[in-house]
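Notes follow once the structure below has been shown.
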Amino acid sequence: MNAIQRSVFFLWLPALIAMTAQGQIYQGRQLVRADALANVSAVVPGEPFLVGVRLKMEPHWHTYWKYPGDAGIPTEIKWELPEGWHAGSIQWPIPLKLQEPGDIQIYGYHDEVLLIQQITPAKNVTDPAV
18 MNAIQRSVFF
28 LWLPALIAMT
38 AQGQIYQGRQ
48 LVRADALANV
58 SAVVPGEPFL
68 VGVRLKMEPH
78 WHTYWKYPGD
88 AGIPTEIKWE
98 LPEGWHAGSI
108 QWPIPLKLQE
118 PGDIQIYGYH
128 DEVLLIQQIT
138 PAKNVTDPAV
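So in the numbering used here, spot 6 of the sequence shown is number 23, and the numbers just go up one at a time.
Have a look at this one:
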């Protein structure tokens with residue numbers, strides 16, 4: 018790994034780490050925690066890599082699949098990427114079929130889920146201040 022690759026990775030890493038502070042807060046309680054995981058230790062210009070967003074939910078709490086069913090809003094991941102970078106679609110694991118009060122059928126996840134996306138950095142990444 019050369020100095021530029023290390024610099025790009027370690028300057029981009031805080032954006033991923035900052036995401037770990039995000040999640041759903043309700044009545045002052047953190048109900049969903051998000052952690053970012055990557056399959057690379059350094060970003061290489063133009064070479065795609067995978068990032069997983071692991072959501073850990075409190076007991077009796079859930080998040081929704083891309084097609085949530087009768088109620089709910091799908092989970093979204095919004096990246097703030099440098100110019101020329103691209104995030105692919107979420108790779109969704111098979112959801113659970115959940116029954117809500119009132120006979121409402123939903124599709125989603127409880128406990129923990131890993132949502133994976135491919136990130137493609139720009140081919141011309143030369144500025145370590147990404």
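Beta carbons are placed, not taken as given, at the ideal position from N, Cα and C, and that holds for glycine.
First and last residue of the uninterrupted beta strand (DSSP E) at residue i
{"i": "V49", "result": "R46 to A55"}
{"i": "W82", "result": "H79 to G86"}
{"i": "L67", "result": "F66 to M74"}
{"i": "G125", "result": "I121 to H127"}
Exposed unless 16 or more other CB atoms sit within 10 angstroms - verdict on residue i
{"i": "I90", "result": "exposed"}
{"i": "L131", "result": "exposed"}
{"i": "I2", "result": "Outside the displayed span of the chain (18 to 147) sits residue 2, for which this structure offers no information."}
{"i": "N141", "result": "exposed"}
{"i": "Y126", "result": "buried"}
{"i": "P76", "result": "exposed"}
{"i": "P138", "result": "buried"}
{"i": "P112", "result": "buried"}
Which residues DSSP lists as bridging residue i, in chain order
{"i": "E117", "result": "I121"}
{"i": "L131", "result": "R71"}
{"i": "T137", "result": "H103"}
Query raised in the report: Touch check for the stretch 131 to 141 and the stretch 102 to 114: three-plus C-beta pairs under 8 Å?
Result: yes
Query - Stretch pair the stretch 44 to 55 + the stretch 65 to 79: three plus CB contacts closer than 8 Å - result: yes
Query raised in the report: Do the stretch 85 to 99 and the stretch 53 to 66 meet, that is, are 3 or more Cβ pairs less than 8 Å apart?
Result: no
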